[in-house]
Amino acid sequence: MKKLICHCESVELEVKETEGAFSKFLRCNCSLCKKKGYIMTFAPIIDVKIIKGEDKLKLYQYHTKVAEHYFCSECGIYTHHKMRSKPDTYGLNVGCIDDIDQFKLDNVGLNDGHNHPMDQKN
């Protein structure tokens, strides 16, 4: 299990380490993520458990209101989000996982959220 903890430690999630977990890291260029500047990794929702501070989590949604972005109401740190393209998956803030040094990752890809199919006009 890996722990994901916000800055003030009010919110804590436990993430099961299944095969392939914590092997893909992305930045996103959507309007929200480019302002947040975080690196994310991914886990199936069934492998993530909120073990502390569920009452401290605040939800932020915008545009299509499908994705669910969660942040700590005390320190303001984004912890995770439910993806709109994969609703059974959470994007996790790598900066909240203490045993992953985001500044030493050399395999960080780019998710082109700026051109997300759900945002394109037909």
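Residue numbers (our numbering): 15 to 136.
Note that the Cβ used here is the ideal one computed from N, Cα and C, for glycine as well.
N- and C-terminal bounds of the alpha helix (DSSP H) containing residue i
i, result
"residue 48", "47-50"
CB contact flag (residue i, residue j, <9 Å)
i, j, result
"residue 56", "residue 105", "yes"
"residue 65", "residue 108", "no"
"residue 22", "residue 110", "no"
"residue 16", "residue 91", "no"
"residue 122", "residue 98", "no"
Delimiting residues of the beta strand (DSSP E) encompassing residue i
i, result
"residue 41", "39-42"
"residue 105", "103-107"
"residue 80", "Run containing residue 80: none; DSSP gives neither H nor E here."
"residue 64", "62-66"
Residue environment, residue i, which counts as buried when at least 16 other CB atoms sit within 10 Å
i, result
"residue 40", "buried"
"residue 96", "buried"
"residue 100", "exposed"
"residue 89", "exposed"
"residue 77", "exposed"
At a cut of 8 Å, does the stretch 63-78 reach the stretch 21-31 through at least three beta carbon pairs? Contact annotation: the stretch 63-78 touches the stretch 21-31, with at least three C-beta pairs closer than 8 Å.
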